[in-house]
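A.B. asks: Can you keep this structure in mind? I'll have questions shortly.
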C-alpha cells in the first residue's frame, strides 16, 4: 500500500508540473506573436537601409572615403557581444550562444585571449552565468537592456559600442545571436559589427540595387555616408536584439510544448504501473481471504 501511495503522489506531482509547462507554453506563444511582429516589421527597414548603403558605397568607391567606423586597423583588442536571455527554460537557446562564443575565441582569437585582449559583453543573465561557469575571462553583463527594450535603449548601447571602436578601445566588435526563422527554428550567427565592411557591402550589390547611379546628391555622397553608416549600425544592433528576443520566445514555447507532451506520456505510464500494482495487490488480498477460508473449513 505504501508503494501505491507513493505512485499516487508522483502522478499528482507530474500532473501539477504539466499544468505549469502548459501555462508557460501559452504565455510564450503570446509573447512570441508580439516579438515576431516586431522583427518582421523591422527587417524591411533594415534591408532598405542596407540597399542604400550598397549604392552609396558604389558611388563612394571612386574617391578616398574616410569614416571612423569603416577604418580597418590591426586587430589588437576584440569585443564579443553575446546576446542571450535573462531567463532559462528555453532549450539550448542560451547554451548554444555560450558554446559558439567559446569556439570563436578558440578558433579566431586564442592568441589575443591569452594576452587578455578579448572582452565579452553578455546581454542577458544566462549568457553571463554560462560564460563565467566556463571560466571565461573578461565577461561583462548588460541584462538591464531587456527591461522594456526599445530602439532608443538599443541605440544608446550601439552608440557606446561605436564610440569604443572609434576611440580605439577595440579594433573589432562581433555579435553572436540567434536569428529568428520561425517558432521552431533559430539560426545561430556570428556577425561582424565593427569595422563596417564597405568593400563587401558594395560587392553584394546587384543591378537591381543600382538605382542611385544617375542621381545628384545633396549634400555630397561622403556626408550622406557619414550619416547613413551610424544609422545602419544602430539598426543592425537593434535587429539583432529583436531577432534574439523572438528566437527566445520561440525556443521556450517549443521547449514547454515538448515538456508538456513528455509529462502527459509519463502520467500515462505511471497510471498503467499504478493500475497493475493495484490489481496485483487486490489479487493478493483475494488469495489470502480464500486461503484463510479454506483453512477454517478444513
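Numbering (this note's numbering), first residue to last: -11 to 286.
Backbone N, C-alpha and C fix where the C-beta goes; we use that ideal spot for every residue, glycine too.
Values in this document were obtained by computation on a predicted structure and should not be read as measured data.
Secondary structure at residue 179, three-state DSSP: helix, strand or coil?
C.D. replies: Three-state DSSP puts residue 179 in a strand.
A.B. asks: At the level of alpha carbons, what is the spacing between residue 197 and residue 39?
C.D. replies: At residue 197 the pLDDT is 41, less than 50, meaning the model places this residue with poor confidence and gives no usable figure here.
A.B. asks: Entirely within the segment 80 to 148 and at least 4 residues each: give me those alpha helix (DSSP H) ranges in chain order.
C.D. replies: Complete alpha helix (DSSP H) runs here, min 4: 81 to 96, 98 to 102 and 113 to 121.
A.B. asks: Going by CA-CA distance only, name the one from 153, 241, 213 and 281 that's closest to residue 60.
C.D. replies: Checked all of 153, 241, 213 and 281; the closest Cα to residue 60 is 153.
A.B. asks: Note down the Cα distance separating residue 113 from residue 251, rounded to an integer number of angstroms.
C.D. replies: Approximately 28 Å, taken between the alpha carbons.
A.B. asks: To the nearest angstrom, how far is it from the Cα of residue 26 to the Cα of residue 66?
C.D. replies: Looking at the two C-alpha atoms, the distance is approximately 30 Å.
A.B. asks: Would you call the CB atoms of residue 163 and residue 71 closer than 8 Å?
C.D. replies: In this structure, residue 71 lies closer than 8 Å to residue 163 by Cβ.
A.B. asks: Rounding to the nearest angstrom, what Cα-Cα distance links residue 111 and residue 133 in this structure?
C.D. replies: Going by the C-alpha atoms only, they are around 7 Å apart.
A.B. asks: Going by Cα to Cα distance, which pick from 159, 130 and 258 is closest to residue 115?
C.D. replies: With distances taken between Cα atoms, residue 115 lies closest to 130.
A.B. asks: Under three-state DSSP, which class holds residue 171?
C.D. replies: Residue state, collapsed to three classes: coil.
A.B. asks: Go to residue 234, then tell me how far its alpha helix (DSSP H) extends in each direction, as first and last residue.
C.D. replies: Where residue 234 is concerned, the enclosing alpha helix (DSSP H) stretches over 209 to 285.
A.B. asks: DSSP state of residue 28, grouped into three classes?
C.D. replies: Residue 28 falls in the helix class under three-state DSSP.
A.B. asks: Grouping DSSP H, G and I as helix and E and B as strand, with all else coil, what is residue 74?
C.D. replies: Residue 74: coil per DSSP, three-state reduction.
A.B. asks: Please name the residue or residues paired with residue 67 in a DSSP beta bridge.
C.D. replies: Paired residues: 107 and 161.
A.B. asks: Check each candidate in 8, -9, -6 and 20 and name the one with the smallest Cα separation from residue 239.
C.D. replies: Comparing Cα positions, the closest option is 20.
A.B. asks: Can you check whether the CB of residue 16 is closer than 8 Å to the CB of residue 241?
C.D. replies: Yes, these two residues count as a Cβ contact at 8 Å.
A.B. asks: Tell me whether the beta-carbon of residue 255 lies closer than 8 Å to the beta-carbon of residue 7.
C.D. replies: Their beta carbons are not under 8 Å apart, which means residue 255 does not touch residue 7 by this criterion.
A.B. asks: Taking all protein chains shown into account, decide if residue 183 is buried (16 or more other Cβ within 10 angstroms of its Cβ) or exposed.
C.D. replies: Per the 10 Å Cβ criterion, buried.
A.B. asks: Report buried or exposed for residue 282, applying the criterion of at least 16 other Cβ atoms within 10 angstroms of its Cβ.
C.D. replies: Classification of residue 282: exposed, given that the 10 Å Cβ count is below 16.
A.B. asks: Looking only at DSSP bridge pairs, what is residue 166 linked to?
C.D. replies: 176.
A.B. asks: So residue 216 and residue 44 are in contact, right, with Cβ under 8 Å, and what is the actual spacing, rounded?
C.D. replies: Their Cβ separation, rounded to whole angstroms, is 6 Å, which keeps residue 216 and residue 44 in contact under 8 Å.
A.B. asks: Would the segment 221 to 236 count as touching the segment 132 to 148 if we require 3 or more Cβ pairs under 8 Å?
C.D. replies: Enough Cβ pairs lie closer than 8 Å, so yes.
A.B. asks: Quick one: residues in its chain with C-beta nearer than 8 Å to the C-beta of residue -1, no 5 flanking neighbours on either side, listed in chain order?
C.D. replies: Cβ within range, chain order: 255, 258, 259 and 262.
A.B. asks: Pick helix, strand or coil for residue 38, following the three-state DSSP scheme.
C.D. replies: Note: residue 38 maps to helix in three-state DSSP.
A.B. asks: With DSSP collapsed to three states, give me the class of residue 21.
C.D. replies: Reduced to three states, the DSSP call for residue 21 is helix.
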